[in-house]
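Comments concern the structure below.
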Amino acid sequence: MEQSLTFEDKILTITVPKEVPVGQKRPLIYVLDGNAFGPLLTNAILLQARNSPKTGVWPAIIVSIGYQTDDSFQREGRFRDYTPRRVHPVRQDKRRHMPLGGGIEAFQAQLVRIHALMMQQYQIDEDLVGLFGHSLGGLCVLESYLVSPQLPFITDFLAISPSLWWDDCAFFDRLTQTDLATSKRIFIAVENDQGEMESAAMRCYQTLIQIIPAEQVAFYVGPGENHMSIVFTALSRILRWFFDKGAMPYV
14 MEQSLTFEDK ILTITVPKEV PVGQKRPLIY VLDGNAFGPL LTNAILLQAR NSPKTGVWPA
74 IIVSIGYQTD DSFQREGRFR DYTPRRVHPV RQDKRRHMPL GGGIEAFQAQ LVRIHALMMQ
134 QYQIDEDLVG LFGHSLGGLC VLESYLVSPQ LPFITDFLAI SPSLWWDDCA FFDRLTQTDL
194 ATSKRIFIAV ENDQGEMESA AMRCYQTLIQ IIPAEQVAFY VGPGENHMSI VFTALSRILR
254 WFFDKGAMPY V
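Basically the numbering used here = 1-based index in the sequence shown + 13.
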């Protein structure tokens, strides 16, 4: 069952498993860049959940958070919502023509309101609530992990090819200065580009496992993948890991 509704300035597309018994709770995954990745993640779960014992992927409620556009990505909106305010001058960023961004705190507050609505309408397994994002969305996922006390309902932070280059890699200063939540889980996947995306993701993973229990963090490098193809390669790994709380991290 799928429905779409307007929530403030976002379009929420909500997919609920069929034939869920009354009172039975289901995992929930929030999908950033919902226009692009909502259908992909929804179908990946629907198809694999036809034989869950074999695939390790189970029915879940999917909430795709999208924009009022016919395009896959809404450039200005995602830069605004998924990035923290800059602490370095723009001239230090080699991507000088990028939007200024900086509205992640407002988006995180909006996510709290979205979750309150979901809790009113659906039976949600509060032990399995994921936040999924790619690129700038992946950065938003990791930045949201740093402020997880403000998003206590998120149990799993699922980031693919996160844009850790943002603001001259200021994320890493916040990472080392934050008292991290050891009960939350994180999956980071990245393409094997032998460049800044891979090295930054590896740096994040190596830093995290020095601070929080290593079993709370999973890391996957997709050989031969690029910034977009890594989504397709990593997605099923991420889903199996999300549904299996006892999974060992990928290395």
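Note that beta-carbon positions come from the ideal geometry of N, C-alpha and C, so glycine has one too. Being a predicted model, the structure only gives us computed values, none of them experimental.
What does the alpha-carbon distance come out to for the pair residue i and residue j?
i, j, result
"residue 173", "residue 119", "22 Å"
"residue 222", "residue 206", "22 Å"
"residue 27", "residue 250", "23 Å"
"residue 256", "residue 69", "7 Å"
"residue 25", "residue 147", "18 Å"
"residue 197", "residue 167", "8 Å"
"residue 260", "residue 81", "Bear in mind that the predicted position of residue 260 carries a pLDDT of just 47, short of 50, making it unreliable; the figure below should be weighed with that in mind. In a straight line, the C-alpha of residue 260 is about 37 Å away from that of residue 81."
"residue 262", "residue 229", "Because the pLDDT of residue 262 is 42, which lies under 50, any placement of that residue in the model is unreliable, and the question is left without a value."
"residue 231", "residue 179", "22 Å"
"residue 264", "residue 171", "In this prediction, residue 264 has a pLDDT of 31, which is less than 50 and means its spatial position is unreliable; what the coordinates show is noted afterwards. About 16 Å."
"residue 204", "residue 236", "7 Å"
"residue 15", "residue 58", "14 Å"
"residue 30", "residue 72", "6 Å"
"residue 186", "residue 100", "11 Å"
"residue 130", "residue 36", "17 Å"
"residue 184", "residue 98", "11 Å"
"residue 93", "residue 113", "8 Å"
"residue 79", "residue 132", "19 Å"
"residue 20", "residue 60", "28 Å"
"residue 89", "residue 111", "9 Å"
"residue 227", "residue 246", "23 Å"
"residue 254", "residue 102", "38 Å"
"residue 54", "residue 162", "26 Å"
"residue 244", "residue 238", "9 Å"
"residue 63", "residue 195", "33 Å"
"residue 152", "residue 224", "19 Å"
If I'm right that residue i touches residue j with Cβ under 8 Å, what's the distance once you round it to whole angstroms?
i, j, result
"residue 77", "residue 116", "Contact flag wrong, Cβ pair sits at about 20 Å."
"residue 91", "residue 22", "Wrong, their Cβ atoms sit about 12 Å apart, outside the cutoff."
"residue 145", "residue 43", "7 Å"
"residue 48", "residue 17", "The pair is not a contact, with the Cβ atoms about 11 Å apart (cut-off 8 Å)."
Report the three-state DSSP secondary structure of residue i (helix, strand or coil).
i, result
"residue 128", "helix"
"residue 102", "coil"
"residue 267", "Residue 267 is absent from the model: the chain starts at 14 and stops at 264."
"residue 70", "coil"
"residue 192", "coil"
"residue 29", "coil"
"residue 135", "coil"
"residue 46", "coil"
"residue 177", "coil"
"residue 65", "helix"
"residue 233", "strand"
"residue 86", "coil"
"residue 184", "helix"
"residue 157", "helix"
"residue 245", "helix"
"residue 81", "coil"
"residue 238", "coil"
"residue 148", "coil"
"residue 116", "coil"
"residue 170", "strand"
"residue 16", "strand"
Using beta-carbon positions only, say whether residue i and residue j come within less than 8 Å of one another.
i, j, result
"residue 240", "residue 215", "no"
"residue 95", "residue 149", "yes"
"residue 177", "residue 213", "yes"
"residue 169", "residue 208", "no"
"residue 124", "residue 74", "no"
"residue 164", "residue 134", "no"
Worksheet item: Is it true that the segment 121-138 meets the segment 211-220, where meeting means three or more beta-carbon pairs spaced less than 8 Å apart?
Response: no
Item to complete: Determine, using beta-carbon pairs with one atom in the segment 188-199 and one in the segment 147-160, whether at least three such pairs fall under 8 Å.
Response: yes
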